[in-house]
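In our numbering, the protein residues as written are 31 to 431.
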């Protein structure tokens with residue numbers, strides 16, 4: 031980065047720092063603004079200000095693309111949901127500001143990711159913070175087995191509680207969030223692997239794999255599946271992975287409908303409880319009822335459209351959660367974002383980046399991933415691929431002329 035202008039180095043430095051802080055939700059403590067805010071948001075706000083100032087100083091404009099139109103339409107639909115449906119306008123406004131941040135994350139990522147030498151800084155930052163996250167996860171397990179309860183260990187969720195095992199969350203707010211971060215980090219590091227020293231390139235994926243195992247979440251399947259796609263070299267391997275992907279989708283979908291009684295300490299006794307529906311199914315069906323009742327603007331920004339055990343609950347099925355919370359137009363805009371990114375992607379396709387997006391897409395069958403910051407980083411990285419493809423096409427056309 032030494033050859034870059036000082037202002038550009040500041041922007042890139044702040045941006046990478048915000049990504050390094052992504053997996054640290056509750057530590058260091060964040061005492062104000064919103065229950066889900068974290069220090070990464072503060073650093074990213076500084077990044078955005080520096081980025082805008084840099085654009086102004088260099089007199090460069092953002093090249094508008096379908097990706098940006100989709101983001102604006104999504105945020106616009108969310109704003110209308112806030113105005114017409116949100117019961118608490120203040121909380122809804124705070125959540126909408128958070129949605130704007132997600133859109134800005136994608137926009138700035140797309141602009142910065144194509145700059146020279148950022149790959150080294152980005153990959154190194156994510157690799158090192160991933161190693162620290164893994165160390166925190168291991169520390170959480172050691173303390174758990176020592177009889178010391180810490181926030182490094184999360185809830186059991188649908189698993190049977192036991193003193194023999196724990197679900198680790200490290201610095202995130204939930205084991206599922208940690209697992210999702212591992213899927214994201216593995217994809218991004220694989221995309222920039224040539225920028226890393228050989229030892230770090232080899233160690234980091236292994237460490238992330240061990241970390242995702244400590245979460246005891248569905249994302250273990252997703253992580254392994256996406257790692258397989260990144261390593262596949264032959265048509266036969268891709269066919270096998272295609273069947274494995276279908277099986278993974280089927281398993282995760284089944285967990286939404288039926289309960290799997292599982293005690294990891296006694297895996298042989300695991301069984302499906304087919305005689306009763308999963309509580310997640312209650313959340314899905316009640317969220318669908320909310321969408322049917324409010325198809326345009328949903329139940330409102332910062333609301334939970336479904337119910338579970340008599341309490342408000344998110345759908346835990348991303349497309350439905352968006353539709354039931356923000357309305358049908360927001361879901362269409364969100365889907366259009368990925369349509370345009372795929373249509374305009376660089377060829378050959380970046381398997382690493384799209385494996386990350388596909389991984390979170392599978393997670394979306396059982397989680398509400400639309401608010402995950404790392405999803406929008408992946409969206410931005412896919413957008414950067416579009417920009418690079420268009421730049422390459424323009425350069426080639428110029429040479430021919």
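We put the beta carbon where it would ideally sit given N, CA and C, even for glycine.
Asked: Cut-off 6 Å between Cβ atoms - residues of its own chain near residue 445, not counting five sequence neighbours on either side; Found: Lying outside 31 to 431, the shown extent of the chain, residue 445 is not represented and no answer is given.
Asked: Within-8 Å CB hit, residue 93 to chain C; Found: Any reference to chain C falls outside this structure, which holds one protein chain only.
Asked: Contact between the segment 379–388 and the segment 254–272 (3+ Cβ pairs under 8 Å); Found: yes
Asked: N-terminal and C-terminal residue of the beta strand (DSSP E) that residue 98 is part of; Found: First-last for residue 98: 96–114, but that is the alpha helix (DSSP H), not the beta strand (DSSP E).
Asked: Which of helix, strand or coil DSSP assigns to residue 156; Found: helix
Asked: Span of the alpha helix (DSSP H) around residue 340; Found: Careful: residue 340 lies outside any alpha helix (DSSP H) and carries neither H nor E.
Asked: Residue 325 burial status per 10 Å Cβ neighbour count (16 or more: buried); Found: exposed
Asked: For residue 355 and residue 111, the rounded distance between their alpha carbons; Found: 8 Å
Asked: Under 8 Å between C-beta atoms of residue 337 and residue 398; Found: no
Asked: N- and C-terminal bounds of the alpha helix (DSSP H) containing residue 438; Found: Absent from the model: residue 438. The displayed extent of the chain is 31 to 431, so no value can be given.
Asked: Cβ-based burial, residue 180 [other Cβ within 10 Å; buried from 16]; Found: exposed
Asked: Distance between residue 358 and residue 101 (C-alpha atoms, nearest Å); Found: 15 Å
Asked: Classification of residue 192 by the beta-carbon crowding that lies within 10 angstroms, buried from 16 upward; Found: exposed
Asked: Length of the line joining the Cα atoms of residue 57 and residue 266; Found: 45 Å
Asked: Inter-residue CB distance, residue 294 and residue 246 (contact presumed, cutoff 8 Å); Found: 6 Å
Asked: Residue 430 versus residue 376: straight-line alpha-carbon distance, rounded; Found: Below a pLDDT of 50, predicted positions are generally treated as unreliable, and residue 430, at 44, falls in that range; the measurement from the model is reported next regardless. Roughly 20 Å between the two C-alpha positions.
Asked: Test item: CB-CB of residue 218 and residue 386 under 8 Å; Found: yes
Asked: Collapsed DSSP secondary structure at residue 198 in the structure displayed; Found: strand
Asked: Rounded Cβ spacing between residue 51 and residue 152 (contact assumed at less than 8 Å); Found: Going by Cβ atoms, the distance from residue 51 to residue 152 rounds to 14 Å, so no, they are not a contact pair.
Asked: Endpoints, the alpha helix (DSSP H) within which residue 266 is located; Found: 265–287
Asked: Whole-angstrom distance between residue 214 and residue 276, CA atom to CA atom; Found: 20 Å
Asked: Cross-strand partners of residue 183 (DSSP beta bridge); Found: 198
Asked: For residue 236, the nearest candidate out of 248, 254 and 99 (CA to CA); Found: 254
Asked: Closest residue to residue 199 among 183, 321 and 268 (Cα-Cα distance); Found: 183
Asked: Residue closest to residue 248, alpha-carbon to alpha-carbon, out of 410, 37, 86 and 395; Found: 395
Asked: Beta-carbon spacing of residue 408, residue 210 below 8 Å; Found: no
Asked: Burial state of residue 323, where buried means 16 or more other Cβ atoms lie within 10 Å; Found: exposed
Asked: Nonlocal neighbours in the same chain, by C-beta distance under 6 Å from residue 428, ignoring five residues either side; Found: Legend: pLDDT at residue 428 = 46, less than 50; position of this residue unreliable, value from coordinates given subsequently. Result list for residue 428: empty, nothing under 6 Å.
Asked: Inside the segment 340–364 only - beta strand (DSSP E) runs reaching at least 3 residues; Found: 341–343
Asked: Neighbourhood of residue 71 by C-beta, 7 Å cutoff - its chain only, sequence neighbours within 5 removed; Found: 131
Asked: Endpoints, alpha helix (DSSP H) assigned at residue 144; Found: From DSSP, residue 144 is part of no alpha helix (DSSP H); its letter is neither H nor E.
Asked: Of the residues 99, 195 and 157, the one placed nearest residue 173, counting alpha carbons only; Found: 195
Asked: Buried versus exposed, by CB contacts within 10 Å (16 or more), residue 327; Found: buried
Asked: Through-space distance from residue 297 to residue 403, alpha-carbon basis; Found: 34 Å
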